[in-house]
Amino acid sequence: MHAPTEPVTSFDEDLHTLIRDMFATMERAEGVGLAATQVGRGLAVFVYDCPDEDHHRHVGAICNPEIELPTGRDRRLEASEEGCLSFPGAYESLARTDRAVCRGVDPWGEPVEVVGTGLLARCLQHETDHLNGIVFGDRLSNRSRRKLNETQERLAHLYPDDWPITPRRTSASEGQPADA
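If you read the sequence shown in the numbering used here, its first letter stands for residue 483, the second for the next number, and so on.
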């Protein structure tokens with residue numbers, strides 16, 4: 483997860499199958515974004531299904547993304563709880579810019595640009611970080627990272643080792659997800 487990814491160069495059925503599988507995995511895990519590195523693939527692609535600050539839903543896949551963040555007077559940081567499917571059930575406050583522009587190509591190799599605000603801006607930054615070998619815990623203070631790791635360790639028994647590929651473990655007594 484800490485290694486940068488390889489650019490997508492083949493926009494073929496193998497890529498399209500990977501992207502479909504990533505959407506299914508993200509939906510099953512109740513996430514808003516998922517990078518290929520999170521499912522064991524070293525390709526520069528992520529999927530997202532996420533609302534912006536106006537609650538408009540944005541769905542897509544971006545290959546070979548590059549992120550542009552505001553600078554100078556336009557740069558506004560917003561601290562908010564952030565989670566990650568690689569740290570299931572654990573959340574910590576992290577400041578990120580409230581706006582982001584992500585450019586790359588779609589699954590057919592056509593240029594795409596996504597302008598994100600609110601949660602969508604956070605998602606675009608988070609998933610692009612994954613593809614650059616950064617997990618959100620790397621951006622936390624030592625204290626917050628320690629809390630994140632403690633929470634993850636406390637909840638680890640609820641999730642299989644290959645989460646989010648394999649669904650959450652269920653409670654044997656109720657047949658419901660253990661944290662439902």
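Think of the CB as a built atom: it goes at the ideal place given N, C-alpha and C, for glycine as much as any other residue.
Neighbourhood of residue i by C-beta, 8 Å cutoff - its chain only, sequence neighbours within 5 removed
i, result
"Val-594", "Gly-542, Ile-544, Arg-585, Gly-586, Val-587 and Asp-588"
"Thr-579", "Leu-551, Pro-552, Arg-557, Arg-558, Leu-559, Glu-560, Ala-603 and Gln-607"
"Asp-494", "none"
"Ala-662", "Only weak support exists for where Ala-662 lies, its pLDDT of 33 falling under 50; the value from the coordinates is given anyway. No residues qualify anywhere along the chain."
For residue j and residue i, the rounded distance between their alpha carbons
i, j, result
"Ala-454", "Ile-501", "This structure cannot speak to residue 454, because the chain is shown only from 483 to 662."
"Leu-630", "Arg-555", "32 Å"
"Ala-511", "Leu-567", "7 Å"
"Leu-525", "Thr-599", "25 Å"
"Trp-645", "Leu-551", "30 Å"
"Asp-620", "Pro-486", "14 Å"
"Pro-570", "Gly-615", "18 Å"
"Pro-642", "Phe-618", "21 Å"
"Ser-492", "Ala-518", "15 Å"
"Arg-628", "Glu-548", "30 Å"
"Thr-610", "Phe-528", "8 Å"
"Glu-592", "His-612", "22 Å"
"Arg-523", "Tyr-530", "16 Å"
"Ser-626", "Thr-633", "11 Å"
Beta strand (DSSP E) segment containing residue i, residue limits
i, result
"Gly-515", "515-517"
"Thr-599", "593-599"
"Leu-668", "Lying outside 483 to 662, the shown extent of the chain, residue 668 is not represented and no answer is given."
"Ala-577", "573-579"
DSSP bridge partner residues for residue i (one or two, in chain order)
i, result
"Asp-531", "Val-541"
"Ser-568", "None, per the DSSP bridge assignment."
"Ala-582", "Gly-598"
"Glu-488", "Leu-525"
"Glu-550", "Val-583"
Sequence-distant residues of its chain with Cβ nearer than 6 Å to residue i (five each side left out)
i, result
"Ala-577", "Leu-559 and Ala-561"
"His-484", "Gly-615"
"Ala-572", "Leu-630, Thr-633 and Gln-634"
Host alpha helix (DSSP H) of residue i (start-end)
i, result
"Ser-626", "624-637"
"Phe-505", "495-510"
Inter-residue CB distance, residue i and residue j (contact presumed, cutoff 8 Å)
i, j, result
"Glu-564", "His-608", "7 Å"
"Ile-574", "Leu-622", "The sequence shown places Glu at residue 574, rather than the Ile named in the question. About 6 Å; that satisfies the 8 Å criterion."
Contact set for residue i: own chain, Cβ-Cβ below 7 Å, skip 5 residues either direction
i, result
"Ile-647", "Thr-507 and Val-521"
"Pro-489", "Ala-526 and Asn-546"
"Cys-532", "Val-514, Gly-515, His-540, Leu-601, Leu-602 and Cys-605"
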